[in-house]
Amino acid sequence: MLINVITPEIQELINSHDWKSLKEVLPGLEPVDTSDLIRSVSSTEDRVIIFRLLPRDLAADVFSEMDWDLQEDILSGMNNTQIRQILTELEPDDRTRFFEECPSEVTRKLIEFLPVDERKKTLELLGYPEYSVGRLMTPNYVAIKKNWTIKRSMEHIRKIGKNVENFDIVYVIDNQWKLLDAIELRSLILSDDDALVESIMDNTYVSLSAFEDQEKAVHYFEHYGLPILPVVDSEGVLLGSITFDDILEIAKEEATEDFHKTASVSPLETPYMQTKVLDFFKKRVGWLVALIFVNIISGFAMAHFEELIQAVTALVFFIPLIIDSGGNAGSQSSAMIIRAFATGEVHLKQWWEVVLKDLFVSMMLGLTMGLAVSLVGVYRGGFLMGISVALSMAAVVVTGSLLGTILPFILRVFKLDPATASSPLITSMADILGVIFFFSISQALIGL
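By the count of this note's numbering, the sequence shown reaches residue 504 at its end, each step adding exactly one.
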């Protein structure tokens, strides 16, 4: 946490520009903490100085932890040689993620700074579809052959392991580079030197296609609990690997995006504090204006029962209570279904089972809430008012809940994000139905 990073001693070193002493302190910090420390400094010049104090092997790790705006700020204060050094030191997947944020013309210029082999890796990763697993993977991994001895395999790992981000898992390939197995490093270490690799293979492994959506990779890591997964092409050829830390970032972005959508806000592309006021306005105004016209329907429905409202003014007391309960029940249902979709707990083919379950639950909720509010109805307007309010409450809660359950399934059928079935939308639709149900039932029982 930033509050623990900027101790009074470190703050004093920054304020006094004691860069020599600060240089000795920085290597002891975690890369993410150093990134936060640099962001806390207001002066671009000081930010660049602090970054240049980092050891070469640590600078790339710190840079990869930064947001795009801070990365841009750092690069703006560096010369071409320093930029080339940073870009070259970055892991291929981190470099690809950085280039994705850059404007296209900036990306083209920066790619030219890379050595030929690194430039080739970068262009290959950028060639995969946006939001695909191929964009996330690193092409640096450790691969061995099944007919190698354990001793030869370990020598190979020691030789190339220093250039690999994570080799807790070692991949076994054939002569065509097709993936045969994924073996834990500890299995190799604990085996006899003269034993063959195939003697410890079980030929069971989990892999991802480079063209799969990143969200599927998140589900795989959650389901299998592995620290790293191999990435293959359509023919099973090993292309690279994805590590847990890469997926953690994607999972956070997906969760944030869904959270924004459930509140009818378009996802933010930048951190909250770096988002401009005009950008906030653009993200929110569309849905709010659209919901105005949806809510107007409630007004028209209420106007249709104007004579009933004038005759039985006590009904007005229950309008907010009835319609809000339907919206609340719908929001609860949609939140649970959307989350179940996101975690893979519910699939499209299970729609009937889910709807049936929610029907029973909503009927129990509607009956309970109807009985509770009926007492208030009797107190405010007599027995018929109590019956009218109770039936309306039950109908609205059941309908709102089913609406919140069914709408995400409908959106999924049309290949749309279920999170679009946001709480404000469902609440507005439940309001309309609540008004219609309440006044229709009241008119049938009381209005006569």
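Where is the CB? At the ideal position from N, CA and C, for every residue including glycine.
In chain order, R103, I106, F107, V118, M122, L126 and I130 place their CB closer than 8 Å to the CB of I94, counting only its own chain and leaving out the 5 sequence neighbours on each side. The beta carbon of I379 is closer than 8 Å to those of S354, V452, A486, D487, G490, V491 and F494 in its chain, skipping five residues each way along the sequence. Exposed is the label assigned to I216, since fewer than 16 other Cβ atoms lie within 10 Å of its Cβ. Of the residues T461, I443 and L458, the one whose Cα lies closest to the Cα of A500 is I443.
Under the rule that a run must span 3 or more residues, the beta strand (DSSP E) segments found entirely inside the region 232 to 305 read 235 to 240, 284 to 288 and 294 to 299. A199 is not a Cβ neighbour of V172, given a cutoff of 9 Å.
Contact between V411 and L458 holds, with the beta-carbon distance rounding to 7 Å and staying under 8 Å.
Along the region 401 to 439, the alpha helix (DSSP H) occurs as fully enclosed runs of 4 or more residues at 407 to 437, listed in sequence order. Counting only runs of 4+ residues, the alpha helix (DSSP H) found wholly inside the region 79 to 167 occupies 87 to 96, 100 to 108, 112 to 120, 124 to 132, 136 to 145, 148 to 157 and 160 to 167, in chain order. Between T424 and I298, the alpha-carbon positions lie close to 50 Å from each other. Look at V172 here: in three-state DSSP terms it is helix. Looking at the DSSP output, V228 bridges to I200 and D237. Apart from the 5 residues on each side of it in sequence, I167 sits with its Cβ closer than 8 Å to the Cβ of F155, R175, T178 and L179 in its chain, given in chain order. Boundaries of the alpha helix (DSSP H) around I365: E362 to A367.
Burial is judged here by how many other beta carbons sit within 10 angstroms of a residue's own beta carbon; D92 has at least 16 and is buried. For the set K413, S265 and I70, the Cα lying nearest the Cα of S98 is the one of I70.
For the set V293, E291, D269 and F300, the Cα lying nearest the Cα of P283 is the one of F300.
E101 and G133 have their C-alpha atoms roughly 7 Å apart. I213 is a Cβ neighbour of L241, given a cutoff of 9 Å.
Here the C-alpha atom of M449 lies approximately 8 Å from the C-alpha atom of G382.
The three-state reading of DSSP puts T461 in helix, counting H, G and I together. Under the three-state reduction of DSSP output, S209 falls in the helix class. For T178, no pairing in a beta bridge is given by DSSP.
Assignment of beta-bridge partners to S188 by DSSP yields D269. The Cβ atoms of D250 and T194 lie no closer than 9 Å to each other. By the beta-carbon neighbour count (other beta carbons within 10 angstroms, threshold 16), Q406 is exposed. The criterion of a C-beta distance shorter than 9 Å is satisfied by Y184 and R191.
Contact between I303 and A273 holds: CB atoms are separated by about 6 Å, below the 8 Å threshold. In this structure, DSSP gives T63 a state outside helix and strand, which the three-state scheme calls coil. The bridge partners DSSP lists for T483 come to none. Contact between I239 and M257 holds, with the beta-carbon distance rounding to 7 Å and staying under 8 Å. For T331, DSSP assigns no beta-bridge partner whatsoever.
When the Cα atoms are used, V345 and P376 turn out to be separated by approximately 22 Å. A446 and F416 have their C-alpha atoms some 18 Å from each other. The Cβ neighbour count for L463, taken over all protein chains shown within 10 Å, is at least 16; the residue is labelled buried. Burial check for N135: the Cβ neighbour count within 10 Å stays below 16, so the residue is exposed.
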